[in-house]
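Every position in the sequence shown, counted from 1, becomes a number in the working numbering once 193 is added.
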Amino acid sequence: MGLQNTKPSGKGANIPMLGLDSAGKSTLLYKLRYKDAFITVPTIGFNVDMIEAGKDFTLTFWDVGGQKKMRELWSNFLEDAGGLLYVVDSSDKRRLEESRREFELILKNESIKNVPVVVLANKQDLPGALNAEEITRKLKIKKYCSDRNWYVQPCCAITGEGLPEALQRVATFARQYKKSKETFITLKELNSF
Ligand SMILES: Nc1nc2c(ncn2[C@@H]2O[C@H](COP(=O)(O)OP(=O)(O)OP(=O)(O)O)[C@@H](O)[C@H]2O)c(=O)[nH]1
Ligand SMILES: [Mg+2]
Numbered sequence: 194m195g196l197q198n199t200k201p202s203g204k205g206a207n208i209p210m211l212g213l214d215s216a217g218k219s220t221l222l223y224k225l226r227y228k229d230a231f232i233t234v235p236t237i238g239f240n241v242d243m244i245e246a247g248k249d250f251t252l253t254f255w256d257v258g259g260q261k262k263m264r265e266l267w268s269n270f271l272e273d274a275g276g277l278l279y280v281v282d283s284s285d286k287r288r289l290e291e292s293r294r295e296f297e298l299i300l301k302n303e304s305i306k307n308v309p310v311v312v313l314a315n316k317q318d319l320p321g322a323l324n325a326e327e328i329t330r331k332l333k334i335k336k337y338c339s340d341r342n343w344y345v346q347p348c349c350a351i352t353g354e355g356l357p358e359a360l361q362r363v364a365t366f367a368r369q370y371k372k373s374k375e376t377f378i379t380l381k382e383l384n385s386f
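See the structure below:
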């Protein structure tokens, strides 16, 4: 199942939300959407929700389960993505290397080349949570994202801290990316005359 047939109509972008199981993706999406805390269960398959991000721009979030067997599905959600949200449990140092490896695999995917990335350093409320700089280093973001816009936003999905900023950032990146792609297509069309 890919995104080819599910493009949002009008202006907007598809935003896959990926990250290891228990990173907080579903909690986050629910909080963004309904301003409410929510008891989640591990996601089998995916959740989808649309959020208005300013005039005439709707972000369609694809919250895909992060358990190992779910990760095989991730690449399907990368087609036609206008931005990627990668969610990390900043307090789970034990699994950061696993998260880095998955992040690297995603970014190697040809269909997500140049697509902007917002990494959410989630669970900042927990003791010992790594901050944005430390997450940047652990995930080797500068290395993997040298060809695109990227940003690391610290947040807490339970209180909602950092989420409006993350939404704003994704929307800005997605708009810029869309514009640059449209310009590129126009240039290609002009060249074919
Ligand atoms: N303390 C704290 N707990 C959080 C935070 N965000 C999520 N959680 C908890 O982390 C657990 C997993 O959250 P989910 O949102 O289900 O995680 P997920 O990334 O959707 O997991 P999968 O669906 O398995 O991929 C839940 O018990 C949440 O309540 C946070 O910012 N702080
Ligand atoms: Mg989930």
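Glycine included, C-beta positions come from ideal geometry on N, C-alpha and C.
The structure displayed is predicted, hence computed values, not measured ones.
- Report buried or exposed for residue 324, applying the criterion of at least 16 other Cβ atoms within 10 angstroms of its Cβ. Burial check for residue 324: the Cβ neighbour count within 10 Å stays below 16, so the residue is exposed.
- Compare the Cα-Cα distances from residue 313 to each of 340, 204, 360 and report the closest residue. For residue 313, the closest of 340, 204, 360 by C-alpha to C-alpha distance is 360.
- For the beta strand (DSSP E) containing residue 216, list its first residue and its last residue. Neither: residue 216 is in no beta strand (DSSP E) and is coded neither H nor E.
- Item | Host alpha helix (DSSP H) of residue 347 (start-end) | Per DSSP, residue 347 is not a residue of any alpha helix (DSSP H); the beta strand (DSSP E) it occupies stretches across 343-347.
- For residue 230, count neighbouring C-beta atoms within 10 Å of its own C-beta (all shown protein chains included) and say buried if the count is 16 or more, exposed if not. That one is exposed.
- Task: Just the C-alpha distance for residue 338 and residue 369, rounded to the nearest angstrom, thanks.
- Result: Within the model, the alpha-carbon separation for residue 338 versus residue 369 is close to 16 Å.
- Task: In the DSSP assignment, find the unbroken alpha helix (DSSP H) run with residue 265 in it and report its ends.
- Result: DSSP places residue 265 in no alpha helix (DSSP H); its state is neither H nor E.
- Assign residue 335 to one of two classes, buried (16 or more other C-beta atoms within 10 Å of its C-beta) or exposed (fewer than that). Residue 335 comes out exposed.
- May I have the straight-line CA-CA distance separating residue 342 from residue 275, to the nearest angstrom? Those two C-alpha atoms are separated by around 12 Å.
- List the residues that DSSP assigns as beta-bridge partners of residue 205. Here residue 205 is bridged, per DSSP, to 251.
- Query: With distances taken between CB atoms, is the gap from residue 315 to residue 350 smaller than 7 Å?
  - Reply: Yes.
- How many Å lie between residue 195 and residue 261 at the Cα? Reliability fails at residue 195, whose pLDDT of 46 lies under 50, so the model's placement of it is uncertain and no value is given.
- Message: Would you say the beta carbon of residue 365 is closer than 6 Å to some non-hydrogen atom of ligand 1?
- Response: Of the heavy atoms belonging to ligand 1, none sits nearer than 6 Å to the Cβ of residue 365.
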